[in-house]
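Just so we're aligned, residue 107 is where the sequence shown starts under the numbering used here, counting upward by one.
All C-beta atoms in this analysis are idealised placements derived from N, C-alpha and C, irrespective of residue type, glycine included.
Quick caveat: nothing in here was measured; it's all calculated off a predicted structure.
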Amino acid sequence: MSNDRSTSAPGRESLAQDNTPADQVSHGRRKVVQSAAAGLAAVFAGNALAADPGAPGSQAADAAAPAAPAVPDANAALSDPRDLYPHPPFQDQQQAWPGLASRMTPRPDHGESSYRGSGLLAGRKALITGGDSGIGRAAAIAFAREGADVSIIYLPAEEPDAREVVALIRSAGRKALAIPGDLRDEAFCKQAIDRAANGMGGLDILVNNAGRQHSHDSILDISTEDFDWTLRTNLYGMFWITKAAIPHMPPGAAIINTSSVNAYNPSVNLLDYAMTKAAIANFTKSLAKQMISRGIRVNAVAPGPFWTPLQVSGGQTMKNLEKFGGDTPMGRPGQPAEIAPVYVALAMARASYVTGQVYGATGGEGPP
107 MSNDRSTSAP GRESLAQDNT PADQVSHGRR KVVQSAAAGL AAVFAGNALA ADPGAPGSQA
167 ADAAAPAAPA VPDANAALSD PRDLYPHPPF QDQQQAWPGL ASRMTPRPDH GESSYRGSGL
227 LAGRKALITG GDSGIGRAAA IAFAREGADV SIIYLPAEEP DAREVVALIR SAGRKALAIP
287 GDLRDEAFCK QAIDRAANGM GGLDILVNNA GRQHSHDSIL DISTEDFDWT LRTNLYGMFW
347 ITKAAIPHMP PGAAIINTSS VNAYNPSVNL LDYAMTKAAI ANFTKSLAKQ MISRGIRVNA
407 VAPGPFWTPL QVSGGQTMKN LEKFGGDTPM GRPGQPAEIA PVYVALAMAR ASYVTGQVYG
467 ATGGEGPP
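In structure tokens:
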């Protein structure tokens, strides 16, 4: 993921022209997606089939996008998921917070070269916090290639990663709005929502993904300042962004929050982080009951160990990083590209009966 924001001043914005009609989902595709379960299947199936050469998300459309890391062929009809991506041990590496995906070894796969869209989000307007790297970046790429305009919020220090995401969104023929700022500042959160809604001409998908994670061996090692930093990033920022977004969101809109497997199986060294992720799961379920009166669906995703800058910028000790993901049944950490289809499925209009749920992507470890 990406993550805490560290400036209260609004940043620059980048807009691309939107030349895609509001609704190009084929009649055949509508027939395929008949329910929430079928919706999930359609997303994964669509991602496994190459699009037409000139379509958004195709290789031709991606020509101007940044070079993606070399990854296994995740688009093969059948692939053993255990062998798709690197296994531990991983080399020692550490970055200053918040970290950059472009400096990780191996570099994460966000779907830059593997995700193929099929119009599932045509004409939609999405805002993703922490959209510059990690899971947020993978969701941004997938949303754009499914036909949505995308705004991202990120730290100014993450500008190099954010520029790559903007280029990838534009290469899919969609509008891209970049909003650097501080989610710990309520005024900024309100400004960011207004800028996103005005810049895209609406807002109907909100992904609260930004988060802070810092490893501490003991509660005695967590200062009040550090505790407050994590809570204001993971909880207050989500609360303020959501509260500001709801008046802009029409019936049929979707809110997706990023929780964690730590909400259910907390790591011994992530006390404050795990606490916030449990709160996010409950926030999601309660908010879903409130928002159905507005016709807005609210769900959450609970990732397991994913290879993102969060891990190399204080989220894991060097000892834990070396073996990161190795204790899952899959035997490796997830790559952001592998979870993006879950966000697409929860955002799509055909998942109309899906609300108040938490969906796991954990490589086989634990609930939900």
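Cβ-based neighbour list, Q319, same chain, cut-off 6 Å, excluding 5 preceding and 5 following: Excluding residues within five positions, the ones whose Cβ falls inside 6 Å are Y379, L416, G421.
Integer Cβ distance of P212 from G432, believed to fall under 8 Å: Contact flag wrong, Cβ pair sits at about 15 Å.
Terminal residues of the alpha helix (DSSP H) in which Y379 lies: Residues 377 to 397.
Pick from Q297, R403, V272, I347 that is closest to N315, judged by C-alpha positions: Here the closest residue by C-alpha is I347.
Through-space distance from E292 to K231, alpha-carbon basis: About 22 Å.
Residue interval of the alpha helix (DSSP H) (run including A507): The structure shown has nothing for residue 507, since the chain only spans 107 to 474.
Option in D186, S257, Q200, G242 with minimal Cα separation from V418: Looking only at D186, S257, Q200, G242, the smallest Cα-Cα distance to V418 is reached by Q200.
Closest residue to A406 among P372, A453, P439, W413 (Cα-Cα distance): Relative to the Cα of A406, the nearest Cα in the group P372, A453, P439, W413 belongs to A453.
S208 versus G308, I398, P266, S392, residue with shortest Cα-Cα distance: For S208, the nearest C-alpha among the options comes from P266.
7 Å Cβ cutoff met for T382 and L341: Going by C-beta atoms, T382 is nearer than 7 Å to L341.
Whether A268 touches A284 by CB criterion (7 Å): The Cβ atoms of A268 and A284 sit closer than 7 Å to each other.
According to DSSP, residues forming a beta bridge with K231: Partner(s): D255.
Proximity to L412 [Cα-Cα], best of S399, G307, N375, T364: It should be pointed out that residue 412 corresponds to Phe in this sequence rather than to Leu. Minimum Cα distance to F412 is reached at T364.
Buried versus exposed, by CB contacts within 10 Å (16 or more), Y459: It is exposed - the Cβ of Y459 has fewer than 16 other Cβ atoms within 10 Å.
Alpha-carbon spacing of K296 relative to A350, whole angstroms: Near 6 Å, if we compare the C-alpha coordinates of A350 and K296.
Collapsed DSSP secondary structure at I402 in the structure displayed: Coil at I402, not helix or strand.
Whole-number beta carbon distance between G236 and Y260, since they are thought to touch under 8 Å: G236 and Y260 do touch by the CB rule: their CB atoms are close to 7 Å apart, below 8 Å.
Residue from D288, A369, V271, I402 whose Cα sits closest to the Cα of K281: Considering only alpha carbons, the answer is V271.
Enclosing beta strand (DSSP E) for Y465 [first to last residue]: 464 to 467 is the span of the beta strand (DSSP E), which, as asked, contains Y465.
Selected residue, minimal CA-CA separation from K429, among A244, P192, A183: Among A244, P192, A183, the Cα nearest to that of K429 is on P192.
Pick from R301, P262, E264 that is closest to V256, judged by C-alpha positions: Minimum Cα distance to V256 is reached at R301.
Nearest-angstrom Cα separation, counted from T468 out to G440: So the two alpha carbons sit approximately 8 Å from each other.
CA nearest to the CA of A375, picked from G253, S321, A303: The displayed chain sequence assigns Asn, not Ala, to residue 375. For N375, the closest alpha carbon among the candidates G253, S321, A303 is that of S321.
Local conformation of L313 per DSSP, three classes: Note on identity: in this sequence residue 313 is Val, with Leu being the wrong assignment. Three-state result, V313: strand.
C-beta atoms of G472 and P435 nearer than 7 Å: No, the Cβ-Cβ distance between G472 and P435 is not below 7 Å.
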